[in-house]
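Reading through the structure tokens given below for one structure.
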């Protein structure tokens, strides 16, 4: 998969969430006909998350013949977007979320990552998978 587009009524707040909480970085974005940001997990790779201002994007899409649905009040057919975090950052991630007042649901996959589920400012469910570090596995 190349990227996910998140439509937002407040693109700066959404950008800040994905940069400060998830750890993505703002990078190069072509001069598109609507405001937004392209975010990268690694500035040397492809962008993985695009943010667009909802109304301007909807008008642009309509000009192309594409319909953009109204903002959902509950989840839709896509349940969540997942990111992989660096190993050993689980406690640090939970501390950042707590300081930001973001409620998290956690889960440990047997033999797999520790998962943290949160919601972005637009109601998009985000899963962050933290791979166990060697110290975690020794516990």
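In our numbering, the protein residues as written are 2 to 140. Idealized CB from N, CA, C, for every residue including glycine.
Check, Outcome
"Based on the DSSP secondary-structure assignment, which residues constitute the bridge partners of residue 6?", "51"
"With a 10 Å radius around its C-beta and 16 neighbouring C-beta atoms as the bar for buried, classify residue 139 as buried or exposed.", "Unreliable positioning characterises residue 139 in this predicted model, as indicated by a pLDDT of 49, which lies under 50. The coordinate reading is nonetheless provided below. Residue 139 should be labelled exposed."
"According to DSSP, which residues form a beta bridge with residue 77?", "For residue 77, which the question treats as bridged, DSSP gives no partner whatsoever."
"Per DSSP, residue 45 is paired with what?", "Paired residue(s): none; residue 45 is not in a bridge."
"Check whether the segment 90–98 touches the segment 45–55, taking contact to mean three or more Cβ pairs, one atom from each stretch, closer than 8 Å.", "no"
"Rounded to whole angstroms, what's the CA-CA distance from residue 29 to residue 20? Just pull it up for me.", "15 Å"
"If we count the other Cβ atoms within 10 Å of its Cβ and call it buried at 16 or more, is residue 3 buried or exposed?", "exposed"
"Going by C-alpha to C-alpha distance, which of 11, 24, 12 sits closest to residue 90?", "24"
"CA-CA distance, residue 123 and residue 42?", "20 Å"
"Would you say residue 36 touches the ligand ZN, meaning its beta carbon is less than 7 Å from a heavy atom?", "No copy of the ligand ZN appears in this structure; indeed no ligand is present at all."
"Kindly list the residues whose CB is nearer than 8 Å to the CB of residue 73, restricted to its own chain and excluding five residues on each side of it in sequence; keep chain order.", "124"
"Might you give, ordered along the chain, the residues of its own chain that have their beta carbon closer than 7 Å to the beta carbon of residue 1, omitting 5 neighbours on each side?", "Residue 1 lies beyond the range of the chain shown here (2 to 140); nothing can be said about it."
"Buried or exposed: which applies to residue 6, given that a residue is buried once 16 or more other Cβ atoms fall within 10 Å of its Cβ?", "exposed"
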